[in-house]
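I have placed the structure first, in the form of structure tokens, so that the comments after it can refer back to it.
Number of protein chains: 2
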Amino acid sequence: MMGRLRHEMRDREKDLLEDLVEETEIYTTPTKLIGRGDIAQKSTMLIDGFIARSITREGKRHIIGIHVPGDFVDLHGFALKRLDHDIVTIGHTVVGHTPHARLVEVMRTEPHLTRLLWFATLLDAALHREWILKLEQLNADGRLAHLIAELWHRLNFVGLAEPSSCAMPLTQVELADACGTTAIHMNRTVRAMREAGLIDFSRGRVMISDMERLKKLAQFDGAYLYGQGDLYLADALETEVA
Amino acid sequence: MMGRLRHEMRDREKDLLEDLVEETEIYTTPTKLIGRGDIAQKSTMLIDGFIARSITREGKRHIIGIHVPGDFVDLHGFALKRLDHDIVTIGHTVVGHTPHARLVEVMRTEPHLTRLLWFATLLDAALHREWILKLEQLNADGRLAHLIAELWHRLNFVGLAEPSSCAMPLTQVELADACGTTAIHMNRTVRAMREAGLIDFSRGRVMISDMERLKKLAQFDGAYLYGQGDLYLADALETEVA
DNA sequence: CCCTCATATAGACATTTGTTAAACTGACGA
DNA sequence: TCGTCAGTTTAACAAATGTCTATATGAGGG
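Chains as they are written, first to last, in the numbering used here: chain A, 54 to 295; chain B, 54 to 295.
Pasting the structure below:
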């Protein structure tokens with residue numbers, strides 16, 4: 054969740070952030086990086102691929118958030134004693150790690166970067182609110198459309214989207230878990246949207262044939278993603294340092 | 054969202070927090086305190102009553118979060134440029150205000166309290182995740198049960214719940230908006246749960262006849278509410294000051 | 001090359017939920 | 001006291017979604 058904050062950083066902070074990430078790891082199969090209830094000693098930065106936050110209850114898995122490259126996946130796990138959900142990789146994934154001791158050090162010595170870390174968690178919360186709205190407001194096709202539109206925009210923010218396609222390695226089961234429906238109904242939904250000429254999946258990518266219609270179906274706004282220049286306090290506090 | 058953090062504070066910080074709140078206001082009718090898109094100059098502390106975060110889209114209102122006394126309602130609005138949703142009062146409500154300028158001052162001079170403010174927003178995010186799960190996992194009766202169980206526990210945290218009842222001034226329409234269903238279906242659900250001897254509403258309160266059955270129906274865990282002693286970083290950073 | 005497994009697809013049916021329309025209740029002000 | 005209005009309740013029907021069962025497809029391993 055740091056990717057979209059880069060433009061708020063000074064060069065020295067970008068260097069600091071780079072230094073925070075170490076111990077790069079690669080996963081090619083679905084892997085649970087951190088489990089619910091674990092007390093993590095480090096936070097995870099997603100470098101390439103996708104990561105889901107998920108909770109399994111009554112035998113069913115639910116995906117409550119998806120991360121794209123550039124995101125700090127479990128920054129909040131650094132402050133809250135134990136994580137309330139699992140962190141699992143999707144597809145081919147590369148992650149870096151930051152020991153919490155390093156973050157504590159940053160909080161002591163780098164107040165401005167500390168605020169950016171805070172803002173990163175606030176952006177997470179804004180994404181959560183949009184997911185709540187998506188689930189309350191839309192039915193299955195709208196939810197799928199919304200998920201695709203959101204991921205395309207977020208990937209586009211970090212330069213990883215094509216004009217009418219982007220990576221989408223989620224299986225239909227995972228799409229269902231993220232939309233609060235069943236795999237079978239998700240299959241119905243995918244088929245209907247494909248036949249309607251809206252989207253198409255192939256080899257881990259999604260082709261978006263009609264972005265406008267997709268966004269309309271999803272009632273997708275995008276303002277909640279908070280693009281550049283939307284950070285308020287960053288400006289207010291900037292004066293203190295300048 | 055500060056209520057449950059009080060036990061993490063030192064006396065001086067409690068005083069500081071008290072000082073932050075000023076300009077107390079009382080509302081007896083539903084009032085929109087802040088609107089989506091507004092750039093707020095102050096944050097709102099809920100002192101008594103209830104407040105909902107809501108978004109109206111396509112003529113339908115959706116509630117994406119409910120606050121209880123002791124919560125800092127829009128702390129995030131202090132960092133994000135504009136709020137992504139409305140803040141509306143429910144029933145009889147008393148709020149206090151804190152100018153953002155005061156919060157900026159706190160961030161500069163009170164690092165420990167600043168962290169607690171951060172944690173408060175992280176607890177909000179944890180609540181959001183539980184709402185996502187509730188919407189993905191449960192159908193209407195489970196969602197209502199979950200909402201009631203959550204609010205009872207949160208009110209209990211701040212000493213405002215009776216053993217088998219608590220305030221619940223939401224109308225059935227509002228309950229529906231918070232559970233992602235229609236008012237009519239919510240009415241069906243309320244009736245079924247009343248006939249099942251689970252709950253009963255009367256005069257702005259809900260009686261919980263069978264808390265265990267209610268929690269089971271809601272698959273309610275409660276761990277996500279993060280009771281006392283669950284803050285991790287607070288301890289880690291404490292050593293730095295001691 | 002075939003086997004095996006995860007994934008995708010499909011049909012039939014049950015259940016939940018949405019929609020529309022209408023009536024009922026209680027609080028409150030004219 | 002009588003309307004008025006927000007909130008609640010009910011019924012009948014339509015649409016969306018879940019469940020169960022079964023088959024098809026496609027990639028990877030033996």
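Just so it is clear, CB atoms sit at the ideal spot from N, CA and C, and this is done for glycine as well.
Cα-Cα separation, residue i to residue j
i        : j        : result
B:THR234 : B:GLU189 : 13 Å
B:GLY102 : A:HIS181 : 25 Å
A:GLY275 : A:MET260 : 19 Å
B:ILE108 : B:LEU191 : 22 Å
A:MET160 : B:GLY130 : 22 Å
B:THR146 : B:TYR80  : 5 Å
A:ASP4   : A:ARG247 : Residue 4 of chain A is absent from the model: chain A starts at 54 and stops at 295.
A:LEU175 : A:LEU166 : 14 Å
A:GLU78  : A:GLY112 : 29 Å
A:VAL157 : A:ILE92  : 16 Å
B:THR97  : B:ALA178 : 18 Å
B:ALA214 : A:ARG207 : 42 Å
A:CYS232 : B:HIS153 : 37 Å
B:HIS238 : B:GLN94  : 39 Å
B:ARG106 : B:VAL126 : 9 Å
B:LEU70  : B:VAL211 : 16 Å
A:GLU293 : A:GLY90  : Note that A:GLU293 scores 42 on pLDDT, short of 50, meaning its location in the model is unreliable and no value can be drawn from it.
B:ARG114 : B:ALA198 : 21 Å
A:ALA202 : A:GLY144 : 20 Å
B:ASP68  : A:SER255 : 59 Å
B:ASP230 : B:LEU223 : 10 Å
A:ALA271 : B:GLU163 : 43 Å
A:THR82  : B:GLY257 : 52 Å
A:HIS150 : A:ALA132 : 16 Å
B:ALA220 : A:ARG155 : 44 Å
B:LYS187 : A:ARG110 : 11 Å
A:ASP139 : A:ASP124 : 16 Å
A:ASP253 : B:ASP253 : 48 Å
A:LEU200 : A:ILE116 : 12 Å
A:ILE104 : B:VAL243 : 38 Å
B:PHE273 : B:GLU183 : 10 Å
A:ASN209 : B:PRO216 : 51 Å
A:VAL148 : A:GLN225 : 24 Å
A:LYS134 : B:LYS134 : 29 Å
B:SER218 : A:SER218 : 52 Å
Enclosing beta strand (DSSP E) for residue i [first to last residue]
i        : result
A:ILE79  : 75–80
B:ARG256 : Element bounds for B:ARG256: n/a, residue is neither H nor E.
A:LEU86  : 85–87
Boundaries (first-last residue) of the alpha helix (DSSP H) holding residue i
i        : result
A:PHE131 : Note, A:PHE131: premise wrong, no alpha helix (DSSP H); not H, not E.
A:ILE237 : 236–248
A:LEU267 : 264–271
Exposure of residue i, with buried meaning 16 or more beta-carbon neighbours within 10 Å
i        : result
A:GLU227 : buried
A:ARG241 : exposed
B:GLY118 : buried
B:ALA34  : Since the first residue shown for chain B is 54 and the last is 295, residue 34 of chain B is missing from the structure and cannot be characterised.
A:ASP313 : Because chain A is modelled from 54 through 295, residue 313 of chain A falls outside the range shown and cannot be assessed.
A:ARG196 : buried
A:ARG168 : buried
B:LYS268 : buried
B:ALA193 : buried
A:GLU75  : exposed
B:ALA245 : exposed
A:ALA236 : exposed
Rounded Cβ spacing between residue i and residue j (contact assumed at less than 8 Å)
i        : j        : result
A:ILE87  : A:LEU136 : 6 Å
A:ALA173 : A:LEU128 : 6 Å
A:ALA84  : A:VAL141 : Going by the sequence as given, residue 84 of chain A is Thr instead of Ala. About 7 Å separates the two Cβ atoms, so the contact holds.
B:LEU251 : B:ARG266 : 6 Å
B:TRP23  : A:TRP171 : Within the shown structure, residues of chain B are numbered from 54 to 295, placing residue 23 of chain B beyond reach of any answer.
Distance cut-off 6 Å: residue i Cβ against heavy atoms of the ligand HEM
i        : result
A:ALA179 : With respect to the ligand HEM, the structure shown offers nothing to examine, as it has no ligands at all.
Beta strand (DSSP E) segments (min. 3 residues) lying fully within the stretch 122–197 of chain B: 139–152
Just list the beta strand (DSSP E) runs in the stretch 92–118 of chain A, keeping only unbroken ones of 3 residues or longer that don't cross its boundaries, in chain order. 95–110
Unbroken stretches of the beta strand (DSSP E), 3 residues or longer, contained in the stretch 199–238 of chain A: 218–220
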